[in-house]
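Q: Pasting in a structure now, in structure tokens, and then I'll have a few things to ask.
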Amino acid sequence: MCSVFSTCSSSTPTPSPLVPDKIEDELEMTMVCHRPEGLEQLEAQTNFTKRELQVLYRGFKNECPSGVVNEETFKQIYAQFFPHGDASMYAHYLFHAFDTTQTGSVKFEDFVTALSILLRGTVHEKLRWTFNLYDINKDGYINKEEMMDIVKAIYDMMGKYTYPVLKEDTPRQHVDVFFQKMDKNKDGIVTLDEFLESCQEDDNIMRSLQLFQNVM
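In UniProt numbering, the protein residues as written are 1 to 216.
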């Protein structure tokens with residue numbers, strides 16, 4: 001899946017050797033379990049060009065021939081790119097952030113919509129998406145335990161081969177500092193407004209979030 005991410009990390013992806021019309025025809029085929037929306041509709045809904053969507057679709061279909069990916073497959077694909085750590089929990093959280101309809105599977109439309117925000121979205125859009133990732137139980141708030149779960153999953157994924165070497169209590173210290181800054185009214189939860197305000201007024205928080213987005 002990360003290979004599909006990297007396909008569109010630049011503004012000028014390498015064109016597919018296949019004829020564009022043929023790729024578009026594949027989007028209309030019923031051989032797969034799920035038939036994605038048309039390119040024109042996805043182009044209107046995302047920040048990708050038609051050509052970029054064609055390239056992304058080929059990468060997605062190569063990884064997920066059925067047209068959808070379940071959580072277990074998503075974890076297996078994601079783990080390939082973090083061989084020195086345990087990416088399973090972060091992949092679990094990331095999968096559920098992609099699976100906005102909570103169907104237990106991620107479709108091509110889900111994938112490119114999230115990717116469009118992460119790569120081409122405004123700062124506000126990226127922050128809202130990140131808030132949704134941290135809001136594990138989807139109750140509209142982030143509590144300290146949820147933030148700790150996400151941050152620990154990220155550190156676990158990075159593995160022990162980091163420089164400088166991370167101490168065991170580093171994730172907790174990280175969360176303590178950030179949560180204190182974000183929970184402005186000290187009620188034990190962080191609302192979306194508090195999250196947006198804190199991130200945009202604190203360069204350290206923003207840099208950390210940008211660092212974490214690099215592992216998405």
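All C-beta atoms in this analysis are idealised placements derived from N, C-alpha and C, irrespective of residue type, glycine included. The structure presented is a predicted model; accordingly, all values stated were derived computationally and were not measured.
1) Can you say whether K22 is buried or exposed, counting buried as having 16 or more other CB atoms within 10 angstroms of its CB?
2) Who are K107's beta bridge partners in DSSP?
3) Can you give me the Cβ contacts of I136 inside the same chain, cut-off strictly under 6 Å, excluding the 5 residues immediately before and after it?
4) What would DSSP say about M29, mapped onto helix, strand or coil?
5) Quick one: is K184 buried, meaning 16 or more other Cβ sit within 10 Å of its Cβ, or exposed?
6) How about G67 and K61: do their beta carbons lie closer than 9 Å?
7) Would you check if the stretch 147-159 and the stretch 169-182 touch, i.e. whether three or more CB-CB distances between them fall below 8 Å?
8) Over the uninterrupted alpha helix (DSSP H) stretch that includes H174, give me the two end residues.
9) At the level of alpha carbons, what is the spacing between D203 and N143?
10) Buried or exposed: which applies to V123, given that a residue is buried once 16 or more other Cβ atoms fall within 10 Å of its Cβ?
11) With 16 as the cutoff for other CB atoms within 10 Å, does G85 come out buried or exposed?
12) Under the rule that 16 or more other beta-carbon atoms within 10 Å means buried, what is A44, buried or exposed?
13) Could you tell me the distance, in whole angstroms, from the CA atom of residue 219 to the CA atom of D187?
14) Under the rule that 16 or more other beta-carbon atoms within 10 Å means buried, what is E72, buried or exposed?
15) Go ahead and pull the three-state DSSP assignment for I136.
16) What does the Cβ neighbour count give for K138, buried or exposed, with the cut at 16 atoms within 10 Å?
17) Can you find a C-beta in chain C that's less than 9 Å from the C-beta of E201?
18) Here's the rule: buried if 16 or more other CB atoms are within 10 angstroms of the residue's CB, otherwise exposed. What is G59?
19) Just the C-alpha distance for F108 and C199, rounded to the nearest angstrom, thanks.
20) Name the residue from W129, D110, Y155 and P171 whose alpha carbon lies nearest to the alpha carbon of V69.
21) For N47, which residues in the same chain have their Cβ closer than 6 Å to its Cβ, ignoring the five residues on either side in sequence?
22) What residue range does the alpha helix (DSSP H) around H92 cover?
A: The structure says:
1) Residue confidence is low: K22 scores 49 on pLDDT, short of 50, so the model does not pin down where it sits. No coordinate-derived value is stated.
2) Its beta-bridge partners are V68.
3) E146
4) In this prediction, M29 scores a pLDDT of 42, lower than 50, which makes its location untrustworthy; the coordinate-derived value is nonetheless stated afterwards. DSSP places M29 in coil when its eight states are reduced to three.
5) With fewer than 16 other Cβ atoms within 10 Å, it is exposed.
6) yes
7) The stretch 169-182 is in contact with the stretch 147-159.
8) T170 to M182
9) 22 Å
10) exposed
11) buried
12) exposed
13) No statement about residue 219 is possible, as the shown extent of the chain runs from 1 to 216 and does not include it.
14) exposed
15) coil
16) exposed
17) In summary, chain C is missing from the structure at hand, where a single protein chain is found.
18) Taking all protein chains shown into account, G59 has 16 or more neighbouring C-beta atoms within 10 Å of its C-beta and is therefore buried.
19) 30 Å
20) D110
21) S116 and R120
22) S88 to F98
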